[in-house]
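*Asks:*
2 protein chains.
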Amino acid sequence: MTDQLDSETRIQDDDHHALKLWLRLLTCTNLVQGHLRQQLRESFDSTLPRFDLLAQLDRHPEKLRMGELTKLMMVSAGNVTGLVTQLEKEGLVKRTPMKTDRRTFLVGLTKKGKKHFDTMALDHESWVVNMFSGMDAEQQDELMNDLLALKKSVKATRRTIES
Amino acid sequence: MTDQLDSETRIQDDDHHALKLWLRLLTCTNLVQGHLRQQLRESFDSTLPRFDLLAQLDRHPEKLRMGELTKLMMVSAGNVTGLVTQLEKEGLVKRTPMKTDRRTFLVGLTKKGKKHFDTMALDHESWVVNMFSGMDAEQQDELMNDLLALKKSVKATRRTIES
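Residue numbers (my numbering), protein chains in the order written: chain A, 456 to 618; chain B, 456 to 618.
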């Protein structure tokens, strides 16, 4: 993690306001993610895709098919199948065949995996809380609302393009 | 690009406010990035790492060393060297040895690469402007300011941890 991840200084003067906003958004995401990567590595010798994958399984105790899991990932993981294979070797996740279709496998957390994830999740949350702690409650609420407006705006654009 | 990228629905009730905010930020970034990926593919048969790499070279007409280029990338590109090799084959970038150290190479845009990038950059900007167009000017300014507050907050956290 170096300050070179803060790439806003590279924005040219003639760039449009929305473009500056997008690059600032991306910069913030990269800063937070870089910090989380570093912390996961130092505290748990782990990675963001590993954490993300375990988090998705934790949120879906009903277990997930490979395809569902891949779609739910919030950080790019490259090879999700390889990641699952590795986590299964470590006893953190388990693949079981579906009852209705034994060629399809469901992925779920093992007890050990759940325990491992819960420990990481506690620290992960405290790192996030810490990173946002320089913003007061009002700023955080404002950011929450403005990001919601952005989400709606992006989704509306997509509908326009796709129709 | 499906709505499954919008993963906020998965957030559990007991998650902390800052965690919700972070996941919303990540969701927004993923939505915008997903949209840009799709547009780059459909309009230019290109990718976000390719666009990002050309954009960094465009912003540094003095040319960049491989290591500098890698650090400047705003999206994860996996293998930057492989990307440069591919873009050089297509005549879009060129590697030249440094005068002071002929074992070190500088990467820069070719004329063809600059022209190609300029065309993409125009469309890229219009896509971004379009995605943010559902927000009024006041919301955009607010978001810009709140993201600046977040950036400062994250950087302050990092200093605390590193010291």
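Every residue gets a Cβ at the ideal spot worked out from N, C-alpha and C, and that includes glycine.
Using a C-beta cutoff of 9 Å, does B/Glu637 count as contacting chain A?
*Replies:* Summary: the structure shown does not reach residue 637 of chain B, with chain B confined to residues 456 through 618, and so no result is reported for it.
*Asks:* Under a three-way DSSP split, which group does A/Lys549 fall into?
*Replies:* Position 94 of the first sequence, counted from the first residue, corresponds to residue 549 of chain A. Here A/Lys549 sits in strand by DSSP.
*Asks:* Quick check: A/Val539 and A/Val562, are their CB atoms within less than 9 Å of each other?
*Replies:* One-based indexing of the first sequence puts residue 539 of chain A at position 84. One-based indexing of the first sequence puts residue 562 of chain A at position 107. Result yes, Cβ atoms of A/Val539 and A/Val562 sit closer than 9 Å.
*Asks:* What whole-angstrom Cβ distance do A/Val609 and B/Leu486 have, given they're in contact under 8 Å?
*Replies:* Here the question's residue 609 of chain A lines up with position 154 in the first sequence. Here the question's residue 486 of chain B lines up with position 31 in the second sequence. Rounded, the Cβ-Cβ distance is 5 Å, consistent with contact.
*Asks:* Beta carbons nearer than 7 Å to chain A: which residues of the region 570-590 of chain B have them?
*Replies:* Per Cβ criterion, the list reads Glu580, Val583, Val584, Asn585, Met586, Phe587, Ser588, Gly589 and Met590.
*Asks:* Look at the alpha carbon of B/Phe587 and the alpha carbon of B/Phe499, and state the distance between them as a whole number of angstroms.
*Replies:* Residue 587 of chain B sits at position 132 when you count from the first residue of the second sequence. Residue 499 of chain B sits at position 44 when you count from the first residue of the second sequence. Taking C-alpha positions only, B/Phe587 is separated from B/Phe499 by approximately 22 Å.
*Asks:* Name, please, each residue of chain B whose Cβ falls closer than 9 Å to the Cβ of A/Leu486.
*Replies:* Counted from its first residue, the first sequence places residue 486 of chain A at position 31. Those within 9 Å of A/Leu486 in chain B are Leu605, Lys606, Val609, Lys610 and Arg613.
*Asks:* Tell me, please, whether the region 571-580 of chain B touches the region 556-574 of chain A by the rule of three or more beta-carbon pairs shorter than 8 Å.
*Replies:* no
*Asks:* So A/Gln541 contacts chain B; which residues on that side make the cut at Cβ distance below 9 Å?
*Replies:* Position 86 of the first sequence, counting from 1, holds the residue named residue 541 of chain A. Near A/Gln541 there are no residues of chain B at all, since even the closest Cβ is about 18 Å away, more than 9 Å.
*Asks:* Is the Cβ-Cβ distance between A/Ala619 and B/Leu598 less than 9 Å?
*Replies:* With chain A represented from 456 up to 618, any question about residue 619 of chain A goes unanswered, as that position is not in the structure.
*Asks:* Need the endpoints of the alpha helix (DSSP H) that B/Val562 sits in, please.
*Replies:* For the purposes of this step, residue 562 of chain B is identified with residue 107 of the second sequence, where counting begins at 1. Element bounds for B/Val562: not the alpha helix (DSSP H) but the beta strand (DSSP E), Phe560 to Leu564.
*Asks:* Would DSSP call A/Arg520 helix, strand or coil?
*Replies:* As a working note, residue 520 of chain A is residue 65 in the first sequence. Three-state DSSP puts A/Arg520 in a strand.
*Asks:* Of the residues A/Gln494, A/Lys544 and A/Leu478, which one's Cα is nearest the Cα of B/Thr612?
*Replies:* Residue mapping note: residue 612 of chain B aligns to position 157 of the second sequence, counting from 1. Of the candidates A/Gln494, A/Lys544 and A/Leu478, the one whose C-alpha sits nearest the C-alpha of B/Thr612 is A/Gln494.
*Asks:* Assign B/Met575 to one of three DSSP states: helix, strand, or coil.
*Replies:* On the second sequence, position 120 is the one that residue 575 of chain B refers to. Helix.
*Asks:* Does any residue of chain A bring its CB to less than 9 Å from the CB of B/Asp468?
*Replies:* By one-based count along the second sequence, residue 468 of chain B stands at place 13. In this prediction, B/Asp468 has a pLDDT of 44, which is less than 50 and means its spatial position is unreliable; what the coordinates show is noted afterwards. Not one chain A Cβ lies under 9 Å of B/Asp468.
*Asks:* Secondary structure at A/Asp468, three-state DSSP: helix, strand or coil?
*Replies:* Position 13 of the first sequence, counted from the first residue, corresponds to residue 468 of chain A. In this predicted model, A/Asp468 has a pLDDT of only 44, less than 50, meaning its place in the structure is not dependable; the value taken from the coordinates is given anyway. Coil, per DSSP.
*Asks:* Less than 9 Å separating the beta-carbons of A/Leu527 and A/Lys518?
*Replies:* In the first sequence, residue 527 of chain A corresponds to position 72, counting from 1. In the first sequence, residue 518 of chain A corresponds to position 63, counting from 1. Going by C-beta atoms, A/Leu527 is not nearer than 9 Å to A/Lys518.
*Asks:* Just to confirm before moving on: does the CB-CB distance between A/Gln541 and B/Asp601 stay below 9 Å?
*Replies:* Here the question's residue 541 of chain A lines up with position 86 in the first sequence. Here the question's residue 601 of chain B lines up with position 146 in the second sequence. Cβ distance not < 9 Å, so A/Gln541 and B/Asp601 don't count as in contact.
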